[in-house]
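Shown next, in structure tokens, is the structure this report addresses.
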Amino acid sequence: MIDGNEQIASVHRQVSAPGAETRTVILTQTYASDVDDLWDAVTNAERIPRWFLPVTGDLRLGGHYQLEGNAGGTIEECEPPTRFRATWEFGGGTSWIEVRLVAESADRTRLELAHTAPIDDHWTEFGPGAVGIGWDLGLVGLFLHLATGAPVDPARVDEWTRSAAGLDFMRGSSDGWRDADIASGVASDVATGAAERTLAAYTGGDPSA
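Have a look at this one:
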């Protein structure tokens, strides 16, 4: 379906330094797409389900959105075609996402996705990979959609995610977020423990195995 190693290498991962009340994970990837098309792909309610999840609501400034089976929230800032910011409300908690698009040329655009979460028990246990692996999987769908123009088949994605290739991808993503966490200033053993617990949660594995 996709070269997992190539996709892992195509994404730059960064985690904000510890010490504040929140931490931010940032994913950056450049696509062979003009800025208007990429903006449409990440903001158009008819197009988002072609690579991510079905979405309902009012996708404009001040509007509320709901992703099927996942988060909902309010769009707090919107500057087409380069930036939007929204709350990410899930499981009784609130975090924030911001998407920024930067045109690198007429047909290449860099996407920067930042997810800011409070430092709570969940973050302490799982670290940046808790949201980072999920977004890495989401960017697989975005890459495939932009590369082909076609909707991504959810059943095929689910099958791939459960395959050996998909599990290897999640391990690569987890390793990437562990390394980014360490680079931010977190102790290696702390970052490694959080990464292993997160990977086990995603794959059903034993973090102590």
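Counting in numbering that gives the first Met the number 0, the sequence shown runs from 0 upward without gaps. In this text, a Cβ means the ideal position worked out from N, Cα and C, and glycines have one as well. Since the structure is predicted, the reported quantities are computational estimates derived from the model, not experimental observations.
Query: For THR27, tell me which candidate among ALA199, THR197, PHE142, ALA105 has the shortest Cα-Cα distance.; Result: PHE142
Query: Are the CB atoms of LEU100 and ARG109 nearer to each other than 9 Å?; Result: yes
Query: Looking at the secondary structure, which residues open and close the alpha helix (DSSP H) in which VAL130 lies?; Result: 128-147
Query: Mapping DSSP to helix, strand and coil, what is LEU60?; Result: coil
Query: Would you call the segment 121-135 and the segment 182-195 touching, i.e. three or more CB-CB distances under 8 Å?; Result: yes
Query: To the nearest angstrom, how far is the alpha carbon of TYR64 from that of THR202?; Result: 28 Å
Query: Have a look at ALA105 and ASP178 and give me their C-alpha separation to the nearest angstrom.; Result: 33 Å
Query: Between which two residues does the beta strand (DSSP E) carrying LEU71 extend?; Result: The residue you asked about is not Leu; residue 71 is Gly in the sequence shown. Segment 71-78, the beta strand (DSSP E) holding GLY71.
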